[in-house]
Amino acid sequence: MGNTIHGAPRDHLLSQLPKIAPGTRGPTHGGEMAAVSGPVELGASWGPARPEPPPTRFHRVHGANIRVDLSGTRATRVESFAHGLCFSHEPLVPGQVFLVEIEEKELGWCGHLRLGLTALDPATLTPVPEFSLPDLVSLGHTWVFAITRHHNRVPREGRPEAEATAPSRPSGLLVEPYLSVEQFRIPRDRLVGRSRPGLYSHLLDQLYELNVLPPTARRSRLGVLFCPLPDGTADMHIIVNGEDMGPSARGLPAAQPLYAVVDVFASTKSVRLVQLEYGLPSLQTLCRLVIQRSVVHRLAIDGLHLPRGLKDFCKYE
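Each residue of the sequence shown is one higher than the last, beginning at 8 in my numbering.
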């Protein structure tokens, strides 16, 4: 990398990088590692002895109208609006996010992507149910939710119902590079879906940090994970463009293998898996955060005295 990052002075950018938040592990005197209390980082370069989750793939078993590409990372419904069920190739590990990006939409249908978890082994599903709701759920040990244009937050226990429907600004979306979900902490950057910059980006984004797509839009990113609890059960969380919707289901059997469920339903035609890194954010990502904080919206990045490659990276092009 040398003394520049995409052609920008390295020392200048490094001096502005955010400090590592509490809860990580760092070196102590003598080269040993010391733990600091806080959320667990999956697969961090230093931290709890947890292996990096394997790359996510779609299962070979899927709905009759689904075609999965050779890489196993893109699923497309080729006809109708149903028979679009897909599953993760392997059970998820605690804290692992199964993240999909909506690549194609299809006009003329009502309804959108459905997402969740199942304790049923996809290999035993003969035939694969036509719908996740209610067909797959009626088989038991399955928790699936429909994603809507205005996906509501799930209220926490003891909190008023109004909290769930109140519009909320993603807290610290660019200030805090991590998303904390119960005991897990995940680099946020790849969790967030973003539209491509255009002529009216400054109107659509308002401020750059509010550049979050509607849940069902093209390029929106939706994920599901589970978090084990001390009583042997687990909470299921749905992540919408880098924001935790809270526990969508409780009491899942944490000791059983849990597969991700994606129903490419109705107006959602094609989805692509997004691979996540669970350690520290990359130096490129941290530099991008610094630059983004200094601009009002993405179009303003073009006016900065930066190399073209760095501008494109900052605008997610």
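Positions of the beta carbon are idealized from the N, C-alpha and C atoms, including for glycine.
Under DSSP, His244 forms a beta bridge with Leu232, Pro254. Between the region 190-202 and the region 99-108, the count of C-beta pairs closer than 8 Å reaches three or more; the two stretches touch.
Taking the Cβ atoms as the reference, His90 lies roughly 12 Å from Ala273, outside the contact range of under 8 Å. In chain order, Arg121 place their CB closer than 6 Å to the CB of Ala153, counting only its own chain and leaving out the 5 sequence neighbours on each side. Residue pairing for Lys112: DSSP places it in a beta bridge opposite Thr275. Leaving aside the five residues that flank Asp128 on each side, the residues in its chain whose CB is nearer than 8 Å to its CB run, in chain order, Pro264, Tyr266.
Of the candidates Pro260, Pro60, Ala130, Thr63, Ala130 places its Cα closest to the Cα of His69. Each residue's CA atom was taken as its position, placing Pro222 and Leu114 some 16 Å apart.
The secondary-structure analysis by DSSP pairs Ala89 with nothing; it has no beta-bridge partner. Per DSSP, reduced to three states, the secondary structure at Arg81 is strand. Distance from the CA atom of Ile245 to the CA atom of Ser255, rounded to whole angstroms, is 7 Å. With contacts defined as CB atoms closer than 8 Å, Arg201 and Arg226 qualify as a contacting pair. Boundaries of the beta strand (DSSP E) harbouring Gly123: 121-125, taken from the DSSP string.
Annotation: Pro237 to Leu287 spans about 27 Å, alpha carbon to alpha carbon.
Per DSSP, the beta-bridge partners of Ser95 are Phe65.
Each residue's CA atom was taken as its position, placing Leu229 and His312 some 34 Å apart. Bridge partners of Ser187 according to DSSP: Arg192. Under DSSP, Arg74 forms a beta bridge with Thr83. With fewer than 16 neighbouring CB atoms inside 10 Å of its own CB, Gln282 falls in the exposed class. It is roughly 9 Å from the alpha-carbon of Ala307 to the alpha-carbon of Ser301. DSSP places Val151 in the uninterrupted beta strand (DSSP E) bounded by 149-153.
Checking the DSSP bridge columns, you'll see Phe105 partnered with Val231. Taking C-beta atoms as the reference points, Val188 and Asn248 fail to come closer than 8 Å. Classified as buried, Asp270 has 16 or more neighbouring CB atoms from the shown chains inside 10 Å of its CB. An exposed status is given to Val85, since fewer than 16 other beta-carbon atoms sit within 10 Å of its beta-carbon. Close CB contacts of Trp150 within its chain, under the 8 Å cut and outside five residues either way in sequence, are with Gly123, Leu124, Thr125, Val144, Met243, Ser255, Ala256, Leu259 (chain order). In the three-state reduction of the DSSP assignment, Val144 falls in the helix class. Assignment of beta-bridge partners to Val269 by DSSP yields Cys93, Leu122.
By the neighbour-count criterion, in which a residue is buried when 16 or more other Cβ atoms sit within 10 angstroms of its Cβ, Asp76 is exposed.
For Gln299, the enclosing alpha helix (DSSP H) has its first and last residue at 290-300.
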